Structures are given as structure tokens and as C-alpha cells.
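Chains as they are written, first to last, in our numbering: chain A, 1 to 383; chain B, 1001 to 1383. Note that the Cβ used here is the ideal one computed from N, Cα and C, for glycine as well. Please read these numbers as outputs of a predicted model, since none were measured by experiment.
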């Protein structure tokens, strides 16, 4: 069954009508995923969806059986009836409802070739692609979670906390463990708890790798318990929704720089969370946090946080207001709203002293904020 | 270090010159992955690459540190120097080498919005997008593996075979196991063997789910050892390269239809492999296999096989020649060449009797074929 509510679906269609758009194409396949298809149809994977401005939906799934069980759409076309060609099935659906002249909107990340093919087949079609268009309307709908979504996310976060609590005992019982051992332990335990899968590749970085922002591989065969700052960044998928936390770790005694890094990140984390309430501006919370770290000479080259939901990265983004005019043109201020769920993840890296990051998942409530996870610094004696 | 050889890189650049293309843009980010970036630069993730027709390369990575360690490019730009804007960094690189008038090729799956942004900034640029262009030239280079790639794949397949051998003992020792238990067991054991990660979501389908082509979830909490036809479809990533096998399972006595399905799939599998040699046409091998199943009333609604490598699905595709004129226009016949590595995976599904599939990975050699994995039917007594 689809996740979008009637009210939200109505608002999305209204935004199409306001801009003169007759139909929107959403595609979700291996090399170009778009979980909005699941949001709007209930089908978790591999299909094309046409959403007409009157609310009518046509789904063209790869697997008709799965669509029959999980999808909700006014029409479900069998691609086998169209010589296994999504293009032919899609063209049939478009021309039978709209003729040959209409305005078709594509998502900003739709493939350039595919849009060209539509233009060839429908030379009179007006193709619309607007970063503030339907894609944005769907993202705005998705970033404010409904109660049933919040219930799922809260349970996912509760299970994530159980995993966080398992880290210290695991490390104490396996003082010679490697990064990969902790990653594998968490990924195994999350499945035992009932998670569908990891939300993303579990990252475990020991003191010599924690200053890397993207560790490759995400968890290596190096020993974990090296003296200094380490971290584990992981999440799980619970009933379709992803959690995302980073647990900072300190092995042995920290030097003053490392201790200052830990203290500053904790302070910035706590301050940022205290700023969260309906109406607060996402980019202002980000600017304060990143500015506070910069004032101490600590550079944070990424955003303070990002929405989580059907994807590990979705709206709202807690990033800086862009300076680049081209990016600024597409940028929209984001006042926080009750129901938004996102990460707060300040951190800093130092090529000599390592890196640290503290990340928790939070929910904006009617009056402020609820912190859904309880990541915190884990300390271990020297090994 | 980059994977592409000088010779292959030269052929790719020649194909650009032949078509009057000055530069190709390749992007690899979260919502639109393109492992060709890794192939051409060595960087496994998150960057933009400009490949100029004279062979010059400019890389704009998300993580400069990772690029410093893993990438090979003539220039590596720091996106921080461009206000964290890939567009600005890219524009700088383009205009400083080519001015304002040039031919830029984008990959067929490049985002429509991004291409539009380039057109806005460079109104005199000629944007080229051709399914038979550079993307195809790269895919052609990638689908014939070099010796060092074959060595890695062969080792990955050897480890995959070790996992296949663990399935029967696991099921015998856990007669009440659920689908998810076997999936988790394989994913844990593959890491112990040294694999980076699963190649894709491990699929375990018991007798009541095996007739589904896309199982969702891929492994459920249902008991595995139900009487009838089951299967497990899994792979591992070994040093960047993915394996992909499907192991069919039979629990208890099969009825005549089920036995016929098993026998036909084995026969079609063996015949297809016997047809593999340099010069054989991929679509003819696929047509013979799919036709042989169809002649017995068994429908196989997918391709006979697909290349494996940096991705679980890459060229060559062993699929039918398309009938749709639009698809046929972009279609190219594929004669097999030594060094190609792909799956052979005939199967059939029946809503009453379940589904079965036998999948192995093969390498085309100078004189024929080498079967790299040893998946085969596993039989279990009634439980």
C-alpha cells in the first residue's frame, strides 16, 4: 500500500496543476533508484510510475506478481504485453490519456537519454524539469513523517540503541578484534533483532583511519583497538526506514588535542539539538555548529545533518546556505516542522590526531525535539 | 590505480575523436552510480571525471584524501576550492582547456537536470548523448577482462564455491532454519573468507516463494525447508569484483512437474555452456536456451546471463534480440570474446510447483569456456 496520504498526494497534484504539468514520470531501476516510487505506489523496487495531475496513477512494474501484492495504482501494466519494453508501455499509457500534446515532468535525476527518447516519440510534448517542481513537492511531503512512519522509525531507533549498547561488551570481550569484526557483529546482530538489512555499508575506522571522511574499505582488517580516536557509523533498515548513527570511541588516554576535539563535538552536538524546534531554520543551525567548530580551528567539510526515512539521505538537509549563485538559485530555506526526522552529526578530523563524530537521530515535535537514539562516546582503557 | 589499460584507454579516446567529441563527463554519486569512474581513474566512489579526447583526465573527488591514495588522473581538483560546487569545479576545468565552444558527451544515464545546467553555462557547447558512444566504448573495454582482473574474479569464484559447499551442512544442521538464517550465514562466512561484502542482497526463497522472480524481502523469516523447490541467489565482492550464483535446492520428493523443471534447467544450462566460444553470438545462445524452455511450456522472463565485474550486472548481456524498433536501433550484436566473464542462469517458474534456477559464472577462453563456479542442485530429504 502506498505511504503517501490523500492530503499529501493532493498537494503534489495541485503543484503539478499550478505549473501546467499534466503528468510526472518517476522511474526506479538498478542504476537510478528513486524511493519516491515506493512512497507513491507502495512498490519497493523496479518500476516506472506515471502520476497524472488528476491523481490517476499508472504503474509499469518489472515484477507483476510483486506489484499485485504490494502496489496501489489505478492501472498496473504488464510490460510483457509491450514486447518487454517500458518505453512502449509508457507511450501507450501517455497517449491513451493525453494524446500527443501535453506537458510531461521528469525528475531532475531522470536519465538524459530517456528524456531524449520521449522527445523523439512525442515531438509536441513539453518536457519540464524543475528542481523546485514535483520532485521537490514529493521531497517536502516525504520529509514530514506521518504518525505510522514515526512509529516505525522510533522502533528502528530503539533497536539501533540496543546495538549501540552491544559495542562496549563486544570490544571488551574481543580486545584483538579488527574493524571488520565489529562491522560484521553489528550487521549480524541487527538481523537477529529483526532489521531488514544494514542501512548502508557499516563504517568502522580505527585511530589511524578515523581522519578519513570516506574510509575505503568501510571496515578493514586492521586492528580496531589502536590507541586514539576511532568511530563506527552504522544504521539499520526497519520496515523500510533507515536509521543512521555514529558512535565515537576513545582507546587509551587521549592527548589534549584529541580531548578538545571530543569535547567540542559533544558541545556542538548538544547545542545544535537544543536549537531544534518548529520554525528554526535548518541552515542557521548548521551555520552555528560549523562556525563553532571553525572558531576552534576545526573544519567540518560536510553538512550538520540530513533527513532519514526510506533513504539514508533525504530531506531536510542541515547544510550551509550555498554561496555559488547557480546553487543558490535552486536553494530553498527550510524551516523545521513537526514530524521531520534527521541526523545531527558534528565531527572534526585532524590528520595527526584522528577524527571523531557524534551522530544521533532526532524528531522535531510540536514543541521542540525528541532525540531518538542515544549514541555517545565510548571509552576503552589502553590495550 | 586505474584499471583500464593504455591500449583500451586509447581506443576509448579514438572513439571520441571519431565522433568529434572533445570531452566526456562521468559522474558517480549516491543516487546515480557509475563504476566506469573507478575503471578509468581507480577511485572507487563519489567523484566526477572529465576525460578529454587527448587522454587528459581531470578528477573532482568528494574525498580528496581517498583520491590522493587511490586515484590516478592528470589533475585532481579540490571541490573546496570551488565553494564546494562540483559544477564550478567542472566549469573551470572545461573552460580552461576548451574555452566556451566544444563538444561534450554525457553518459546515457546522466541526469537531465545536470545536462541542462551545463547547457545554461556553456550555451555554445554541443552536448552529445549516444547509446553507441563513449559509454558503449567503455562498456566494451570493461566486458573483456584483463589477466589481473581474471585472477581476481577466479579467486572470488573459488571462495564462492567454498560457500556453496557450506550450504548443505548448514541446512542439515539447522533443519528448522528460516530463509534469513541461511542468508545471514552466507553473508557472515563470506566476510570471514575475506570478501568485501555481499555482491547484492542475498536472496533465499523457499518452496512457497521460489516462483516469485523478485522476492521481497529477499530473505524472509519463513522456514526454508518446506517441501518442494527452493533456491539461494548470492554473490560476493572480492577485491572490487562481484560473483553471482544461484543454487537450486530440492526438499523432499519432487513431483513429476518439478522433476521435469529441474531436468530441463540443468539440460539448458549445460547446452548453453557448451555453445560458448569466441565468436559465438550472445543473443543466439540466449534464444536457443529460452526457446528450449518455451518448447516445454516453461517461460523464462529474463535474460540467460549477464556480465559480471565491477558491477553485478554489466556487459555482455545474453538476452534476446529486441523486437521493438526503438530498442533495436540501439542494439548491437555481441560476438563472444576471450576474457568475457558472465553468468549462465536458466530457470523457470510455475505458480503451482514453484521455481528453480541454476546459475554459474563462466569465462570465455581462447578456445572455449571455463566454468568458474560449481553451483548444482542440492537435494535434502523430507523434513
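- The beta-carbon of residue 155 of chain A is placed no less than 8 Å from the nearest beta-carbon of chain B.
- Just measuring C-alpha positions, the residue of B:1141, B:1380, B:1055 and B:1016 sitting nearest residue 1339 of chain B is B:1141.
- Going by DSSP, residue 379 of chain A is part of the beta strand (DSSP E) stretching over 378–380.
- For residue 1032 of chain B, a Cβ of chain A is located within less than 8 Å of the residue's own Cβ.
- Chain A has no Cβ within less than 8 Å of the Cβ of residue 1287 of chain B.
- The contact set of residue 70 of chain A on chain B, defined by CB atoms closer than 9 Å, consists of 1216 in chain order.
- Using a Cβ-Cβ cut-off of 8 Å, residue 1046 of chain B counts as an interface residue toward chain A, since at least one Cβ of chain A sits closer than that to its own.
- Put simply, the segment 1318–1334 of chain B touches the segment 78–89 of chain A. At least three CB pairs are less than 8 Å apart.
- When A:54, A:175 and A:182 are compared, the shortest CA-CA separation from residue 164 of chain A is found for A:182.
- Using a CB distance cut-off of 8 Å, residue 1110 of chain B counts as an interface residue toward chain A.
- Chain order gives no chain A residues near residue 1348 of chain B, where near means a beta carbon separation below 7 Å; the closest approach is about 15 Å.
- When DSSP assignments are scanned along the segment 143–195 of chain A, the uninterrupted stretches of alpha helix (DSSP H) that are 4 or more residues long and fall wholly within it turn out to be 147–173 and 179–193.
- Within 8 Å of the CB of residue 1085 of chain B, the CB atoms of chain A belong to 322, 324, 326 and 327, in sequence order along the chain.
- Here residue 230 of chain A has 205, 206, 207, 210, 224, 249 and 251 as same chain residues with Cβ atoms under 7 Å from its own Cβ, once five neighbours each way along the sequence are excluded.
- Contact of residue 1063 of chain B with chain A by beta-carbon distance below 8 Å involves 212, 213 and 214.
- Using beta-carbon distances, residue 129 of chain A counts as an interface residue toward chain B, with a partner under 8 Å.
- Judged by DSSP secondary structure, residue 317 of chain A falls within the beta strand (DSSP E) whose first and last residues are 314–318.
- The three-state reading of DSSP puts residue 335 of chain A in strand, counting E and B together.
- Our two residues, residue 369 of chain A and residue 1221 of chain B, have alpha carbons roughly 35 Å apart in a direct line.
- A contact is defined here as three or more CB-CB pairs under 8 Å, and the segment 93–103 of chain A meets this definition with respect to the segment 119–126 of chain A.
- With a threshold of 16 other beta carbon atoms within 10 Å, residue 1172 of chain B falls short and is exposed.
- Assigned with DSSP and collapsed to three states, residue 1273 of chain B falls in helix.
- Contact between the segment 2–15 of chain A and the segment 33–49 of chain A is established, with three or more Cβ pairs separated by less than 8 Å.
- Contact check between the segment 46–62 of chain A and the segment 22–33 of chain A: three or more CB pairs, one atom from each, fall below 8 Å, which counts as touching.
- With a threshold of 16 other beta carbon atoms within 10 Å, residue 105 of chain A meets it and is buried.
- DSSP, reduced to helix, strand and coil, places residue 344 of chain A within a strand of the structure shown.
- Between residue 358 of chain A and the set A:158, A:273 and A:149, the nearest pair of CA atoms involves A:273.
- Residue nearest to residue 259 of chain A within the set A:35, A:300, A:377 and A:52 is A:377 (criterion: CA-CA distance).
- Counting the other CB atoms within 10 Å of its CB gives residue 1120 of chain B a total below 16, which places it among the exposed residues.
- The beta carbon of residue 1024 of chain B is closer than 6 Å to those of 1051, 1105 and 1134 in its chain, skipping five residues each way along the sequence.
- The DSSP-derived three-state label of residue 228 of chain A is strand.
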